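Residue numbers (the numbering used here): 791 to 1857.
Spelled out as structure tokens, the structure:
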């Protein structure tokens, strides 16, 4: 069938089902054609969903388990043949899955680019870098590192900094360069011209010269006018309206240095036509002022207005352009540094892919290019077409033309009302206008259909949205800067009103509640409307739970991550512990992760008193079990020491208190006794050790698990060094960008951005903060071009948004941006309002009147105009609150970990450092006695006094040489060994001990007594034995004595200690 099918969908209208059905129509006719069908969507999740739906549908047709689907395909094939074809198609796809071409448009373009790597001179082992932010940062860092080396670049950067300072915009240029770099990499149209610095400098000079000349001419007029007034014995306040009148305008011209100051006011323009307007009717100087105006002042005013009429637009444009122009002298440098980065790393940005392909398309035969991926596609299915960018469309257009020209079918599905990715290049005009314009040669093949039934939402929600969004376009067109919005009218015209599916014909509830700031009666503190919204949200959740809904049924939609993070934190504090939010549950905000990072920082730098204080505070207040060491007593002791040393300031956490054992008393000994060892561990192993030391694994913790995942990832990609990890964490703002990943099927509240919710549906939707701006933020930039000379010669430039662009050469671009923003915000509202299945709750601030500038005003004023919406007390309502369906609580059964296991690798792997340690060291039961003997032997050789035993045994545990359950028995054996009769001589105070000290022999060999203690030239020797007594033991001990005598020592005592037999034998 030769046709171009265009399905215009709406929220919940079953577009994925329609796509799958169309795919089945194609593949069931000719099963081998699965290799010749390309289905494109815009997210991996959507691609996976479509694949799984196709496979499931074929399985159901084969098994005859879906009568509804079989009925929908009955016109295609008889039932028996349909079953056999489905079985064959399923077998072919599963046996050749790589040819099952359902993918994102980016994946498809990347596959195509790799196949063309040789033709476009790219490395064969090319990597696609998805992290544009990191690449931009690296390129900007490379540029800034050149400062001081490249003299011309250095001077340019200095000028850029000075210009920012003069404009009161600070001195840091890094963020400005970052914005330019991102635009350079994202520019779909290639309008960001790479200008050399001389061109930019000359243009800057021309603009500055013109600006100064324009200002000087008006300043001279202003000074002359004020001199005339003063010489006449008058002052500005004597004239009509004083400083806000025509004389005030002339006065301001004396120091005019911006467009606002030089622009003639309405009163000045009126006075230019009428001398009588210069003086108030009751002024005692009226005749004198009117005469002065006619004779001297009117010519000056008219001259100023004439200059403005001629040159104000150019002046105002240059004034705005000069704020950012210097940045564009560095675009070439950024481009060169990016090229170097690409070559050094064999990487390109994902945003480069369509641009590189576009260049090839212009030079080559499109069908040949697409054959390079290994398949000649006959059929093309494109989903979410409203999110397609212009350059993506230009790249896919040749394939569409080839498909239609070859007599095959193409299909496009999209909903312009859900176009919310303009910042990523999405262009809704392609669906509304572009596809018909660019494929007009195939006009006779167009078949358009509207999917107008909503299968998602209950009746009241569908009817509310039908009525609400019908009234939005005329309200938005009242915004003065915008004017008519033809795209919005077109998007919300045909197909807006949806029919309700039979299964949803009853029920649904919509609630729009305005809130106000108030004073807390208990504390007297001012409470913002957002605080009221949080309380209203918490209350709504409680009411929903009472009506039988589960937490998993409720989704909270927010505009940005900042609001999501605030909401998650506030709800957590109100007792809602089960919250899922990929955007909001950031690692860096969680106290446990902050504690671990403070431990890391302290281990890396023991002088970091802030980290030390914070880790100690968290441990004492959150982790430490009260064990008799009273904090009150510790602080009292600390204050007593402070009074004894008034000349010094003592902190509870300073080094002196640490040596006084306050730090040791508060923190686990397994931590304080092994600081040097811990500081040398790789970060992942360190996190495991800390989790065991501080008992962080008593309960499963998603934050700890995610932190350890990142630590392991860092260790695998880097050295695992502690200092390097801290630098990586801080420099890349990991704590503010990485969040906890939680399975989607758990019973928990969901907090999600509106953008992330697109394509999803939820039983209950709550919008707590419906109050974002309809306009661009004042500090945001827009990228604009103009045809007006001389500004047309520099191409696309970045400008600060705002009404100051009105009256400039970029006015049209600004108005277009306003229009686009209004459309974007209408679409965001549409996406948010259409996610709900059963109930929609919207909280917003009370409309305070004035010009339309906020989404909250748009919602309130639209609701005011809706006849069928009931105002119930403080809120608008449609429908009635519902009781949860009986199957709402059903879900996947999840096994929940009751603890978070920490495994010590030392207990599973042994690395022997001495030959005698190797044999049987970690064998189980049969060798445990020998292992115990070795450890007891070692401890008796090394410890100094009985008070050291417990610490020494714990060190063995910490090092993985002992298990916790074995420690008590080893400690008992060591104490028993030290208490044997005669052993006290080897642990006597005043004697210096050496354990296993080697004695070198003339032939190069060595001997090593277990323990020697000496005082001056007197020496005592003891050798520990774990086996039975043998004559060889005496010979060995005698040998030690002979060697030490030769070294000049007097043997005071020599003994053999038999630990198993509990006896000491003197030599």
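Glycine is no exception: its CB is placed at the ideal position from the N, C-alpha and C atoms. Quick caveat, the model's predicted, so the values are computed rather than measured.
Using CA atoms only, rank isn't needed, just tell me which of the options is closest to residue i.
i            : options                   : result
residue 1045 : 1251, 1787, 1348 and 1009 : 1009
residue 1458 : 1741, 927, 1166 and 906   : 1741
residue 1175 : 1506, 821, 878 and 1207   : 1207
residue 1629 : 1612, 1251 and 1665       : 1251
residue 1556 : 1539, 1567, 1566 and 1548 : 1539
residue 924  : 1521, 1591, 1565 and 1470 : 1521
residue 1194 : 1232, 814 and 1223        : 1232
residue 830  : 1211, 1271, 890 and 952   : 890
Where does residue i land, buried or exposed, given buried means 16+ other C-beta within 10 angstroms?
i            : result
residue 887  : exposed
residue 1166 : exposed
residue 1397 : exposed
residue 840  : buried
residue 885  : exposed
residue 1573 : buried
residue 1084 : exposed
residue 1218 : buried
residue 1311 : exposed
residue 736  : For the chain, the structure presents residues 791 to 1857; residue 736 sits outside this window and is missing.
residue 1437 : Because the pLDDT at residue 1437 is just 41, under 50, the model does not fix this residue reliably, and the value given afterwards should be weighed accordingly. Per the 10 Å Cβ criterion, exposed.
Consult DSSP for residue i and reduce its assignment to one of helix, strand or coil.
i            : result
residue 1442 : Any answer about residue 1442 is weak, because its pLDDT of 43 lies below 50 and its placement is not dependable; what the coordinates show is given next. Of the three classes helix, strand and coil, the one that applies to residue 1442 here is coil, per DSSP.
residue 1851 : coil
residue 1171 : strand
residue 1038 : helix
residue 1429 : Confidence in residue 1429 is poor, its pLDDT being 49 and thus under 50, which makes the residue's placement unreliable; the coordinate value appears in the next sentence. Residue 1429 falls in the helix class under three-state DSSP.
residue 795  : strand
residue 1522 : coil
residue 808  : helix
residue 1400 : helix
residue 1575 : coil
residue 1869 : Residue numbering for the chain in the displayed model covers 791 to 1857; residue 1869 lies beyond these limits and cannot be assessed.
residue 1565 : coil
residue 1366 : coil
residue 1395 : coil
residue 1778 : coil
residue 741  : Residue 741 lies beyond the range of the chain shown here (791 to 1857); nothing can be said about it.
residue 1739 : helix
residue 822  : helix
residue 1856 : strand
residue 1583 : helix
residue 1840 : strand
residue 1662 : strand
Can you tell me where the beta strand (DSSP E) with residue i in it begins and where it stops?
i            : result
residue 1003 : Unbroken run through residue 1003 is the alpha helix (DSSP H), 987-1021; no beta strand (DSSP E).
residue 892  : 892-894
residue 1665 : 1665-1669
residue 1805 : 1801-1805
residue 1556 : 1552-1557
residue 1543 : 1539-1543
Tell me which residue opens and which closes the alpha helix (DSSP H) that residue i is part of.
i            : result
residue 1754 : 1754-1768
residue 1414 : It is not in any alpha helix (DSSP H) - residue 1414 carries neither H nor E in the DSSP assignment.
residue 1821 : 1821-1836
residue 1279 : 1276-1281
residue 840  : 834-853
residue 1469 : 1465-1469
residue 1031 : Careful: residue 1031 lies outside any alpha helix (DSSP H) and carries neither H nor E.
residue 1215 : That residue, residue 1215, is in no alpha helix (DSSP H); it is neither H nor E in DSSP.
residue 1461 : 1459-1462
* Asked: At what residue ranges does the region 1223-1249 contain a whole run of the beta strand (DSSP E), taking only runs of 3 or more?
  -> 1236-1240
* **Sequence ranges, beta strand (DSSP E) only - wholly within the region 1595-1648, length at least 3** => 1626-1635
* Runs of beta strand (DSSP E) lying entirely within the region 1298-1326, each at least 3 residues, in chain order -> 1299-1305
* Can you check the region 1472-1516 for any alpha helix (DSSP H) of at least 4 residues that lies completely inside it and give the ranges in chain order? => 1473-1483 and 1492-1507
* At what residue ranges does the region 1086-1148 contain a whole run of the beta strand (DSSP E), taking only runs of 3 or more? -> 1137-1139
* 4-residue-minimum alpha helix (DSSP H) runs that sit fully inside the region 855-914, ordered along the chain -> 857-862, 869-885 and 895-905
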